[in-house]
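Numbering (UniProt numbering), first residue to last: 1 to 265.
And the structure:
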């Protein structure tokens with residue numbers, strides 16, 4: 001492409017006949033040079049701008065390619081991470097399910113063992129309770145059978161009868177030295193404060209004295225029933241026929257003592 005300087009310096013050869021007017025040609029070349037110079041400068045400016053834009057475009061293209069590669073790499077890494085996470089998740093789930101199943105089996109076995117132990121404990125407890133009940137029933141039967149083997153406990157002596165017998169024995173021992181021995185089943189007449197009373201005093205002597213008589217009045221173990229106490233006639237006033245005038249025997253009751261441990265002075 002011709003530059004403006006080359007256009008302005010171009011010279012045409014002179015012609016002898018039929019040529020162009022040189023003045024008009026120079027004037028046209030001056031105008032054309034000015035316009036061509038302007039267009040040339042603008043073209044150079046546009047070329048420079050175009051070069052910058054081309055460089056930028058290439059830079060953007062390279063950046064875009066790098067970004068595309070980075071994006072692809074990121075996507076590939078993300079896909080790998082997701083796949084690895086899925087694999088780990090599946091493995092963890094399998095391990096958790098396996099451990100849970102194993103633990104459930106162990107717990108079921110422990111529950112079965114504890115139930116067996118509970119059943120055994122219940123059976124042994126029931127057997128022990130039944131054994132205790134049998135022993136208790138056996139002992140109760142034995143204790144109930146003892147009542148038919150052991151004689152009933154002797155009933156304690158009547159305190160009133162014992163006191164009366166003590167009085168009678170004391171009277172007999174006090175009266176004995178003063179007169180002859182009274183016959184068996186004799187009736188003694190005592191003067192008690194001016195009143196006359198009749199008292200039946202058995203004088204049959206027995207081995208053991210008063211204690212043997214008390215034992216005789218208690219329960220008889222051989223017969224299984226209480227011996228009948230001899231009926232004593234209570235003290236009561238009776239009409240006694242007058243006897244010949246004889247000195248009345250006087251009994252001193254000042255030193256009379258009662259009870260089993262009395263002493264005769």
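Ideal Cβ placement from N, Cα and C applies to all residues, glycine included. Keep in mind the model is a prediction, meaning the values are calculated, not measured.
Taking the CB atoms as reference points, tell me whether residue i and residue j lie closer together than 8 Å.
| i | j | result |
| --- | --- | --- |
| residue 33 | residue 7 | yes |
| residue 3 | residue 40 | yes |
So the candidates are the options; which of them puts its Cα closest to the Cα of residue i?
| i | options | result |
| --- | --- | --- |
| residue 29 | 19, 81, 9 | 9 |
| request: Kindly provide the ranges of any alpha helix (DSSP H) runs that are 4 or more residues long and lie completely inside the region 2-69, ordered along the chain. | output: 4-9
| In chain order, which beta strand (DSSP E) runs of at least 3 residues are fully inside the region 62-117? | none
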